[in-house]
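> Taking this note's numbering as reference, the numbering of the sequence shown is continuous, increasing by one, and the terminal residue is 194.
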Amino acid sequence: MDEEYNFENETLIHLSDVLFIHLLPIYKFHLHFLRQLEQRMTVWETRSIPGNEFINVDKVIPQLGDLIMNLIDILPRYELYIENYDCLLTELEYVLKHNPRFDIIYKEFESEKFCYLSLMAFLIKPLQRLLHYEYLFEKLLMYYKNNNHENEYQDCYGVFIKIQDLIENFTESLTMIVC
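1) DSSP on Cys102, reduced to helix/strand/coil?
2) Hey, could you find the ends of the alpha helix (DSSP H) Tyr159 is sitting in?
3) Taking 9 Å as the cut-off, decide whether the C-beta atoms of Tyr100 and Leu138 are in contact.
4) With Ile87 as the anchor, note down where its alpha helix (DSSP H) starts and where it stops.
5) Should His47 be labelled buried (16 or more other beta-carbon atoms within 10 Å of its own) or exposed?
6) Considering Cα atoms alone, identify which of Phe35, Glu19 and Glu127 is closest to Tyr93.
7) Using a threshold of 9 Å, state whether the C-beta atoms of Phe185 and Ile97 are closer than that.
8) Measuring alpha carbon to alpha carbon, tell me which of Asp17, Asp170, Tyr20 and Glu25 ends up nearest Glu106.
9) Got a sec? Which residues, its chain only, sit under 8 Å from Phe124 by beta carbon, not counting five neighbours each side?
10) Near Glu19, what residues of its chain come up, given a Cβ to Cβ distance below 7 Å and the 5 sequence neighbours on each side ignored?
11) Beta-carbon within less than 8 Å of Glu167's beta-carbon, same chain only, minus the 5 sequence neighbours each way: which residues are those?
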C-alpha cells in the first residue's frame with residue numbers, strides 16, 4: 016500500500032514539475048506585463064477626464080509599443096514550453112493511466128460547471144497566446160509604417176518574426192504529435 020501511495024505521489028510530483036517549470040515563468044511575466052498595461056491605461060483614462068486633456072501622456076509614461084516590445088523577453092520561455100509540450104502531454108497521459116486517484120480527480124474537475132474547458136485545452140492556451148501576439152504585432156507594425164516610425168517599425172518587425180518562428184515550430188510539433 017505504501018509503495019502504491021509513493022508511486023502515485025511521485026507521478027504527481029513529476030507531472031507538476033513538467034507542467035509548472037515552464038508555465039510559472041510565463042505566468043509571472045504576464046502578471047507584471049498586465050500591471051504595467053493597467054498603469055498605462057489608468058494614465059490614459061485620467062487624461063480623458065475634462066480638464067486633464069493637456070497632460071502630456073508621452074512624457075508621463077511611454078506609449079504601448081515599448082511595453083509590447085518587452086514580450087521578446089518571454090519568448091524563450093514559450094520556446095521551451097513548445098519544445099516540452101509533447102513531453103507534458105505524454106506525462107499527463109501516463110499519470111492518468113497509472114494513477115487512479117488522479118484520474119478520478121481529473122474527471123471530476125472537468126465535469127464541474129466552472130470548468131468550461133478540458134485540461135488539455137488549458138494547456139494549449141499559452142500557445143494560443145502566441146497567435147494573439149502575432150495579431151498585436153501586425154497591428155503595431157501597420158501603425159508604425161503608416162505613421163513613419165521607421166526605427167520602431169524595425170524593432171517591432173524583429174520581434175514579429177521571432178513570434179512567427181515560434182508559431183511555425185509549434186505547428187510543426189503539433190503535426191508530429193498528431194501523425
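Built from N, CA and C at the ideal position, the CB exists for glycine as well.
In this text the structure is predicted, and so the values were computed from the model without any measurement.
Reading from the atomic positions:
1) helix
2) Leu134 to Asn161
3) yes
4) Where Ile87 is concerned, there is no enclosing alpha helix (DSSP H), because DSSP gives it neither an H nor an E.
5) exposed
6) From the listed residues Phe35, Glu19 and Glu127, the smallest Cα separation to Tyr93 is found for Phe35.
7) In this structure, Ile97 lies closer than 9 Å to Phe185 by Cβ.
8) When the alpha-carbon of Glu106 is set against those of Asp17, Asp170, Tyr20 and Glu25, the nearest one is in Glu25.
9) Excluding the 5 residues flanking it on each side, Phe124 has same chain C-beta neighbours closer than 8 Å at Cys130 and Leu134, in chain order.
10) none
11) If we look at Glu167 and ignore the five residues flanking it on each side, its Cβ neighbours are Gly80 and Tyr159.
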